[in-house]
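One structure is given below, encoded as structure tokens.
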Amino acid sequence: MGPEERAYHEGFMREAIAMAELALKSDETPVGCVFVKDGQVIGRGMNETNRTLNGTRHAEFVAIAGILSEYPITVLNETDLYVTVEPCVMCASMLRQYGIRAVYFGCWNERFGGTGGVLKIHSDPSVDKPYPVTGGIFREEAIMLLRKFYVQENEKAPEPKQKKTRELKTEILPMDVHQPKSTPSAAIRAPGHPASTGSIPTLTSLVKTAVPAPAESRPASASTAFT
42 MGPEERAYHE GFMREAIAMA ELALKSDETP VGCVFVKDGQ VIGRGMNETN
92 RTLNGTRHAE FVAIAGILSE YPITVLNETD LYVTVEPCVM CASMLRQYGI
142 RAVYFGCWNE RFGGTGGVLK IHSDPSVDKP YPVTGGIFRE EAIMLLRKFY
192 VQENEKAPEP KQKKTRELKT EILPMDVHQP KSTPSAAIRA PGHPASTGSI
242 PTLTSLVKTA VPAPAESRPA SASTAFT
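Residue 42 is where the sequence shown starts when you use this note's numbering, and the numbers rise one by one after that.
Structural data, given as structure tokens:
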């Protein structure tokens, strides 16, 4: 990848990170995104699951709702997504159904990732048109935002779960350290997913997959690493 192309992608990921930082300040899981068409941002979003008490209000859903209030649905076929954390299974399925052109993300989502972290929803050949995925753009920044959120104190939490003794870890492992040799087993697939078929689940069955976890290493996946 040449320096101009790298700068292009990094510029839009910085805007996604700005949305994630806003989410953190709002006591939301710090995931942010922007949707880009012809070099212009046409939609922005951040997690709103805590404020709305709605597990489907992920950054991607919020941004697309705004886009579709101004543009026809077909605009997404010519639009790229930049998001700080790999889309979860629910969001990866939604993006596939809407026909997103390409996805670029910061850090991998090893608990609920839908583009290689756990499942490969974006490339399942049985339904819809697949979309290419590139991960690792400002990966360390994305991980640190998630860490800052997860060490925050929740005053409503019971005493055993309080985090007053936790420290913010600043060391981040290289992308390929402890990389799994294969995709995660059925035992750790996202809740509600039929492990044996690899088929795309319905959105209703995935509402519980609301909060992504910070990824320390790059899982074996069909995603391309940003280099």
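Ideal Cβ positions, reconstructed from N, Cα and C, are used throughout, including at glycine. Owing to the predicted nature of the structure, the values given are computational and were not obtained by experimental measurement.
Run the CB neighbour count on residue i, radius 10 Å, all protein chains shown included, and call it buried at 16 or more, exposed below.
i    : result
V168 : exposed
T265 : exposed
E111 : exposed
L94  : exposed
P71  : buried
A256 : Note that A256 has pLDDT 41, beneath the 50 cutoff, so the model's placement of it is unreliable and the number below is only indicative. Its Cβ being crowded by 16 or more others within 10 Å, A256 is buried.
R92  : exposed
A57  : buried
F53  : buried
I105 : buried
V75  : buried
Where do the ends of the beta strand (DSSP E) carrying residue i lie?
i    : result
L122 : 121–126
T175 : 174–176
Q138 : First-last for Q138: 130–139, but that is the alpha helix (DSSP H), not the beta strand (DSSP E).
R188 : Note, R188: premise wrong, no beta strand (DSSP E); alpha helix (DSSP H) at 180–191.
V77  : 73–78
R85  : 81–87
Y145 : 143–148
Return the residue from the list the options that minimises the CA-CA distance to residue i.
i    : options                : result
F190 : M42, R47, A64          : A64
K161 : L109, M42, S134        : S134
R55  : R180, Q193, V192, L187 : R180
Q81  : E151, V116, Q138, G43  : V116
N150 : T268, E51, V130        : V130
E101 : R92, N91, R85, P113    : R85
I184 : F76, S67, C148         : C148
E182 : A59, P44, V192         : A59
S67  : G96, L109, M87         : M87
Please tell me whether, using a cut-off of 7 Å, the distance from the CB of residue i to the nearest non-hydrogen atom of the ligand ZN is below it.
i    : result
V192 : The ligand ZN is absent from the structure shown, which contains no ligand whatsoever.
Grab me the residues of residue i's own chain with a C-beta within less than 6 Å of its C-beta, minus the 5 sequence neighbours each way, in chain order.
i    : result
V174 : V144, T156, H163, S264
G154 : E127
F146 : V124, E127, G176
P225 : Legend: pLDDT at P225 = 34, less than 50; position of this residue unreliable, value from coordinates given subsequently. Result list for P225: V159, in chain order.
K78  : E119, T120
G107 : G84
A61  : P71, V72, G73, T125, L186
Identify, in the order they occur along the chain, each residue of the same chain with its Cβ nearer than 7 Å to the Cβ of residue i, setting aside the five sequence neighbours on each side.
i    : result
E89  : E69, R98, V103
N118 : G140, R142
Keeping to the same chain, check which residues put their C-beta closer than 8 Å to that of residue i; ignore five residues upstream and five downstream.
i    : result
P171 : R137, H163, S164, D165
T268 : M42, G177
E51  : I178, F179
Would you say residue i faces chain B, with C-beta separation under 8 Å as the test?
i   : result
V75 : No chain B appears in this structure, which consists of one protein chain only.
Ends of the alpha helix (DSSP H) at residue i?
i    : result
F53  : 44–66
G107 : 100–109
R92  : 90–93
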